[in-house]
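Here is the structure we will look at.
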Amino acid sequence: MIRAFFVEFIFPLLLFLFIRSLLGNFISRYRTPPAPRQPFAPSVQAGGELKKDPICGTYVSTAASVTRTVNGEVVHFCSKACCDQYPKA
Ligand SMILES: [Zn+2]
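Below, the structure is given as C-alpha cells:
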C-alpha cells in the first residue's frame, strides 16, 4: 500500500522535479543575456576608432569611451575611474 503510493506518486513527482530543474538550467543558460563587458576589457562593440587609455593602457572604442578634452586634445578613457585619475590640465 505505502509502496504503491510511493511508486505511483512520489517517484513520478521527483522525476518531474528533476527533469524540470534540468530543463530550467538548460533554458536559462540560453536565455540569459551575455554579461555586460568589463570596462577594462578591450571594447570594440560600438564601432569607431580605437584609442589608448593613457591611465591603464587599454584600447577603447571612441564611440564607447569616456572622453575628456585636455588642452584642446580629446583624451579617451575606458572608464570614469581612469578619467578621474588623469591629471587635470
Ligand atoms: Zn582605463
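Using this note's numbering, you'd call the opening residue of the sequence shown number 303 and step up by one each time.
Glycine included, C-beta positions come from ideal geometry on N, C-alpha and C.
Quantities reported herein were computed from a predicted structural model and do not represent experimental measurements.
Buried or exposed (CB count within 10 angstroms, at least 16 for buried), S345: Any reading at S345 needs caution, since the residue's pLDDT is 48, under 50, leaving its predicted position unreliable; the model's value is listed next. Classification for S345: buried.
Going straight from the alpha carbon of G350 to that of F379, what length do you get? 14 angstroms
Answer yes or no: the CB of I321 versus the heavy atoms of ligand 1, is any distance below 7 angstroms? no
With a 10 Å radius around its C-beta and 16 neighbouring C-beta atoms as the bar for buried, classify D355 as buried or exposed. buried
Contact belief for Y388 with V376 at Cβ below 8 angstroms, rounded distance in angstroms: Not a contact, Cβ separation roughly 12 angstroms.
Does ligand 1 have a heavy atom nearer than 7 angstroms to the CB of S330? no
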